[in-house]
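Read the structure below first, then the notes.
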Amino acid sequence: MTRSFIAHSALGERLKFRSMTGQERISALFEHRVRLISDMPNIQPKRMLGEDMSIEVNLATELGGAGKRFLSGQVTRFAYVGKDDGDMSVYEATLRPWLWYATRRSDFKIFQFKTAPQILQEVLAPYGFAIDARLSGNYRTWDYCVQYAESDFNFVSRLMEQEGIYYFFSHAQGSHQLVLCDGPDSHTPLPNGPVKVPYHAGVLAAQILEQDFIDSWSHSEDIASGNFAADDYDFRKPNAEIDTVRQQPAGHSRDNFEIYDWPGGYTELGDGENYARLRLEQLAGRRELVSAEGNLRHMAPGYLFELARHPNAEDNRRYLIEAVSYDFQENALRVVGAADAAYSESTSSTSYRQTFEVLPDSAPYRPERVTPRPRTTGPQTAVVVGPAGEEIHTDEYGRIKVQFHWDRYGRRDENSSCWIRVSQTWAGSNYGAMHIPRIGQEVIVDFLNGDPDYPIVTGCVYNAAQMPPWELPRHKTQTGFQTNWSKGGGGKHMLRFEDSRGTEHIELSTDHGNTHLHMGYLMNQGSGVQRSYGFELRTNEWGSIRADKGLLLTTYTQDYAQRASRDNPDGHEHMGATLAQSNALMQASGQAVAATKALVGAMAQGKNQTLMGLVQGVQAAGGVSQAVAALAAGGTPEAGVSDNPDPAMADAQQMLDLSRKIDKPVVSIVSPEGQTMISPKPIVVSSGQSVSVRATSAMTLTTGAQLTQLVTGGMLTQVSEGGQVNVVSGGDIVSHASAGAVNLVSKTDASITSTDSNANITGRKSVVIQAADQDVFVTGKTSISLICGKSSIVLLADGTVKINGVKGLVNFTGELDQRGSKIFLNCDAPIGSEPEEAVVEDGVPVAPAAAATSAEASEHAVPAAAPPGYVTTGLGKGVDAIAARSPTLQRQVKFLQGQGWKIGYGAAGGGTYADTNPAVKKIVIDGNYASDPYKTAASLSHEVGHAVYSYRFKPDMSSKTAFVNSMLGSEGEAALNQIQVQREVWRAAKVDILKGANPANVEAFNDAYNSMVKGGTREAARAAAGKYYGTLTTSTTGEQYTQYYGNSYDKKYAGKH
14 MTRSFIAHSA
24 LGERLKFRSM
34 TGQERISALF
44 EHRVRLISDM
54 PNIQPKRMLG
64 EDMSIEVNLA
74 TELGGAGKRF
84 LSGQVTRFAY
94 VGKDDGDMSV
104 YEATLRPWLW
114 YATRRSDFKI
124 FQFKTAPQIL
134 QEVLAPYGFA
144 IDARLSGNYR
154 TWDYCVQYAE
164 SDFNFVSRLM
174 EQEGIYYFFS
184 HAQGSHQLVL
194 CDGPDSHTPL
204 PNGPVKVPYH
214 AGVLAAQILE
224 QDFIDSWSHS
234 EDIASGNFAA
244 DDYDFRKPNA
254 EIDTVRQQPA
264 GHSRDNFEIY
274 DWPGGYTELG
284 DGENYARLRL
294 EQLAGRRELV
304 SAEGNLRHMA
314 PGYLFELARH
324 PNAEDNRRYL
334 IEAVSYDFQE
344 NALRVVGAAD
354 AAYSESTSST
364 SYRQTFEVLP
374 DSAPYRPERV
384 TPRPRTTGPQ
394 TAVVVGPAGE
404 EIHTDEYGRI
414 KVQFHWDRYG
424 RRDENSSCWI
434 RVSQTWAGSN
444 YGAMHIPRIG
454 QEVIVDFLNG
464 DPDYPIVTGC
474 VYNAAQMPPW
484 ELPRHKTQTG
494 FQTNWSKGGG
504 GKHMLRFEDS
514 RGTEHIELST
524 DHGNTHLHMG
534 YLMNQGSGVQ
544 RSYGFELRTN
554 EWGSIRADKG
564 LLLTTYTQDY
574 AQRASRDNPD
584 GHEHMGATLA
594 QSNALMQASG
604 QAVAATKALV
614 GAMAQGKNQT
624 LMGLVQGVQA
634 AGGVSQAVAA
644 LAAGGTPEAG
654 VSDNPDPAMA
664 DAQQMLDLSR
674 KIDKPVVSIV
684 SPEGQTMISP
694 KPIVVSSGQS
704 VSVRATSAMT
714 LTTGAQLTQL
724 VTGGMLTQVS
734 EGGQVNVVSG
744 GDIVSHASAG
754 AVNLVSKTDA
764 SITSTDSNAN
774 ITGRKSVVIQ
784 AADQDVFVTG
794 KTSISLICGK
804 SSIVLLADGT
814 VKINGVKGLV
824 NFTGELDQRG
834 SKIFLNCDAP
844 IGSEPEEAVV
854 EDGVPVAPAA
864 AATSAEASEH
874 AVPAAAPPGY
884 VTTGLGKGVD
894 AIAARSPTLQ
904 RQVKFLQGQG
914 WKIGYGAAGG
924 GTYADTNPAV
934 KKIVIDGNYA
944 SDPYKTAASL
954 SHEVGHAVYS
964 YRFKPDMSSK
974 TAFVNSMLGS
984 EGEAALNQIQ
994 VQREVWRAAK
1004 VDILKGANPA
1014 NVEAFNDAYN
1024 SMVKGGTREA
1034 ARAAAGKYYG
1044 TLTTSTTGEQ
1054 YTQYYGNSYD
1064 KKYAGKH
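Using my numbering, the letters of the sequence shown map in sequence onto residues 14 to 1070.
See the structure below:
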């Protein structure tokens, strides 16, 4: 006879169907329990487990119908049950879908930048079974999604539930297929089944025997939430409103209940609105439900059918089958033969019945969210990771990447996790704390709301590979921070508090320049030897103290309870006393100055009166009177210092007042026990206004070399008592009033004495010697000479008096008494020859030959040819002469020539370059420069810089950016070399080899060179010059150097970034 149910298994006809019960539902794993009979009493379960078994269902009836359907599954349990009444062995097989295997495996795994369908494919593909993805929706890309301590099945289930994806299974003989759906278009009518399924109930149902129909139909509606709202938070848009609300009321009085979900699991408003729509569709889909039964065989979840013949016409419509329960019974095989194991079939009852649940297909189907999200049970630790070669890997928010200890798939690089925020002790708008964990550190990771998709770093911990910054427990009383320089370490910054009683101190320090600020107990950190108490700020580099509103340096004790920190009353009584003493001295000085000026004025007036008397007395001497009169008329009282003897007093008083309470940008240094300023090098004191140095007691000014005083507005030296002694033990004393008179005034004797040589009084116009009340004495040991042009009077010690002249006049208004042993008149006397006139320049007599001057060489003249012994460049004598003035260029060219380099001109317009290929080694200068030694020398110094640098420079090939930067560094080194040669040639010959270069370029390269000279590193200067060079164009291709080297890299390393 024809069997209604056939079991297809690995044992074929040796294993036959007897009965099956089971349930199949959308978005659920089916489970069918199949009873089987066999003449084999010892079937081993291992032979059946993991094999496919298909139950063939014959859909034909005596009144019609045709076709077959299959229920296929994997044998996940196989058991021997016993014997039936015909001595056949009875077995039971449990059939489940291959997706059930996903419940047998769990994992921790991170998925990044994938959509839900992509994640499903990645998780389920390894199982090796077919998937029919009937998905038409648009799915968000998950930046970060974690399978956390959950089975593959639970993970994909909750992901599909969240994204509105559901599934069912399509069956065939020997296999079944997972069908993924997200909308009505994913469903088709029942295969091999009627388009319409009739409903028969009561007496009619009992009369219909050979037809599949529904005999029980229960249609119900339920109260469900009609509103759904969700919200979330995105730290990148902290003020953004991303809440969403959806409504789909059912139309009754209690249809406005709302479900509010937070966090909603999204950061984009569009994603939130999509999730709200899915949740509301899922809620609405459960409001109307039908439970039905019938003697059916073709009902299967995920398919459509249409109800017919229901007395309620509204129920006669199309439905989606959500769940089906199976109960199939087949006639049993009974043994009718004997020991020959012959079998025959006899007929017994065969039945089939299905219970099922359906939903109207008018609303989209959405799976219920029944799979719980995994929750973390507390914080855990992880290791900070990042790209190879980096020490710190972060983004603009200070986030980091980590490798979780449970992550078997991460490669401990920048792709091991999402960007994870780091909790800081304080975080505000552009203020707060910032400690970025570094690669290799172990951090504590917690999870917002216990969700593994939302990690947050809450702290760092030490381990055996990452030990504390100082030895413990030896230094257990120390608290603070210590950093590590990046990249490569080699130094640190530190803020450390030592709380050990007796040695309390604070240290703020950096290894850069060995710069330290110590406060409290000062000791040697290496030996622990006490050095002092208080504070110490020191550095091996430069230091500065800046205070825009004022600075107080004092060693007085401060009354912190009563006074502000800038109050500075202590010690100023001393400055006040000094100023008072200065004021008294200056008053006395003012009186003395006034008296002196009056005396000088009177002397000047007396001098003029004397000269006028001379004029009146020599009226007869017409040739002389005019000159004497002019001299007398020109004499005026000498100018002197101002009437204020202490112009700086007002400023000093103002500074005293400002120093008492510093409320302006002044610097005040106050000490009760004194101050010292000591340096083996120069000390400079400069003021834009006045400088006051005052002492109530002695003051000593000592110098081991020259003392220079430069004064613009007058100089006053007043000694109240004790006298003044100026002694110069070596060298001369020169006092020169270049624009006024010199007055030496003494109340008693005034002496000008030369102890070893001459004493000279010289006047460009006249010399007046006057004794106002008594006599004028002029004495000489051997002679006294009065010489004026060709006239002279000489008094000799032997008594001889010689009066010489061309013409003579003796004119007396009184008597003339001439006496002598002999008096000769009109005798021929020898006349001495006049001396040769000296040449005078700027009032200084010089030898006539010294008055000549020579013109300077032109600033841009080419120096003479290179001296013998200097290297030659092969670029012409003019270039050789310039190169001879630069020791650097001489040394470099000599080195390169010794290495086999060739230097010469190339084709005109062919560009200038240095070919560092070891097989070539040549420097080529553009032929257009051959007539210009300056440009040639400038180009040579640049290319020589390239050539020499090539012996210690290797391009960085790790990436295109690194290669371009390293090659620009080579250009920067060549530019620095060019500037160095330029300066050496200028100092030696006043020739500027860059006089024709672009001024902006020269300025940029000089700035880089100066930064190095002023204390920067050559590496930094090279980088600065190279960065600027990147904006220039090459002389060979016309490209910018950045583009030129980038293209060069692409040609050599195509495909590498």
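Glycine included, each C-beta is placed from N, C-alpha and C at the ideal position. These numbers come from a predicted model, not from an experiment.
Own chain partners of residue i with C-beta closer than 7 Å, once the 5 adjacent residues on each side are dropped
{"i": "Asn497", "result": "Lys505"}
{"i": "His406", "result": "Gly399, Pro400, Ile413, Lys414, Glu427, Ile452"}
{"i": "Thr15", "result": "Asn71"}
{"i": "Ala395", "result": "Val415, Gln416, Phe417, His418, Val456, Val458"}
{"i": "Lys1040", "result": "Leu981"}
Through-space distance from residue j to residue i, alpha-carbon basis
{"i": "Leu592", "j": "Thr715", "result": "24 Å"}
{"i": "Arg331", "j": "Gln131", "result": "33 Å"}
{"i": "Thr201", "j": "Arg109", "result": "23 Å"}
{"i": "Ile765", "j": "Gly818", "result": "31 Å"}
{"i": "Val994", "j": "His955", "result": "9 Å"}
{"i": "Val758", "j": "Ala611", "result": "11 Å"}
{"i": "Ala665", "j": "Val738", "result": "29 Å"}
{"i": "Arg434", "j": "Leu133", "result": "28 Å"}
{"i": "Asp120", "j": "Ser164", "result": "6 Å"}
{"i": "Lys907", "j": "Ala1021", "result": "27 Å"}
{"i": "Arg487", "j": "Thr128", "result": "54 Å"}
{"i": "Lys1065", "j": "Gln1056", "result": "14 Å"}
{"i": "Tyr942", "j": "Asp969", "result": "33 Å"}
{"i": "Ala718", "j": "Arg898", "result": "35 Å"}
{"i": "Gln910", "j": "Val892", "result": "16 Å"}
{"i": "Ile675", "j": "Met690", "result": "23 Å"}
{"i": "Phe966", "j": "Ser983", "result": "8 Å"}
Cβ-based neighbour list, residue i, same chain, cut-off 8 Å, excluding 5 preceding and 5 following
{"i": "Ala305", "result": "Ile227, Ser229, Trp230, Ser231, Thr368, Phe369, Glu370, Val371"}
{"i": "Leu1045", "result": "Asn1014, Gln1053, Tyr1054"}
{"i": "Ser684", "result": "Thr567, Thr568, Tyr569, Gly584"}
{"i": "Thr866", "result": "Residue placement at Thr866 is poorly supported in this model, since its pLDDT is 29, which falls under 50; the coordinates still yield a value, given next. The answer is none, since no qualifying residue turns up."}
Contact under 7 Å by Cβ, residue i with residue j
{"i": "Thr490", "j": "Asp512", "result": "yes"}
{"i": "Ile938", "j": "Tyr918", "result": "yes"}
{"i": "Gly177", "j": "Asp156", "result": "no"}
{"i": "Gly298", "j": "Ala376", "result": "yes"}
{"i": "Gly913", "j": "Lys934", "result": "yes"}
{"i": "Ala253", "j": "Gln190", "result": "no"}
{"i": "Arg1035", "j": "Gly985", "result": "yes"}
{"i": "Arg328", "j": "Leu317", "result": "Sequence check: residue 328 is Asp here, not Arg. In this structure, Leu317 does not lie closer than 7 Å to Asp328 by Cβ."}
{"i": "Ile19", "j": "Arg31", "result": "no"}
{"i": "Glu301", "j": "Glu381", "result": "no"}
{"i": "Thr107", "j": "Thr89", "result": "yes"}
{"i": "Phe341", "j": "Met33", "result": "yes"}
{"i": "Tyr534", "j": "Thr516", "result": "yes"}
{"i": "Met532", "j": "Gln543", "result": "no"}
{"i": "Glu1032", "j": "Thr901", "result": "no"}
Residue-level contact to chain B via CB, residue i, 7 Å cutoff
{"i": "Gln604", "result": "The structure shown contains no chain B; it is built from a single protein chain."}
Whole-number beta carbon distance between residue j and residue i, since they are thought to touch under 8 Å
{"i": "Phe181", "j": "Pro314", "result": "5 Å"}
{"i": "Ala242", "j": "Val258", "result": "5 Å"}
{"i": "Gln186", "j": "Ser85", "result": "7 Å"}
* Meets three-Cβ-pair contact criterion under 8 Å: the region 947-958 and the region 1002-1012 -> With the cut-off at 8 Å, the region 947-958 and the region 1002-1012 touch.
* Segment contact, 8 Å Cβ cut-off, at least three pairs: the region 325-342 with the region 26-41 -> yes
* Count the CB pairs spanning the region 475-483 and the region 436-450 that are closer than 8 Å, and state whether there are at least three. => Contact check between the region 475-483 and the region 436-450: fewer than three CB pairs, one atom from each, fall below 8 Å, which does not count as touching.
* Counting pairs of beta carbons, one from the region 48-58 and one from the region 145-152, are three or more of them closer than 8 Å? -> The region 48-58 makes no contact with the region 145-152; the number of CB pairs closer than 8 Å stays below 3.
* Stretch pair the region 724-736 + the region 663-678: three plus CB contacts closer than 8 Å -> no
* Is there contact here, the region 203-217 with the region 269-286, by at least three beta-carbon pairs under 8 Å? -> no
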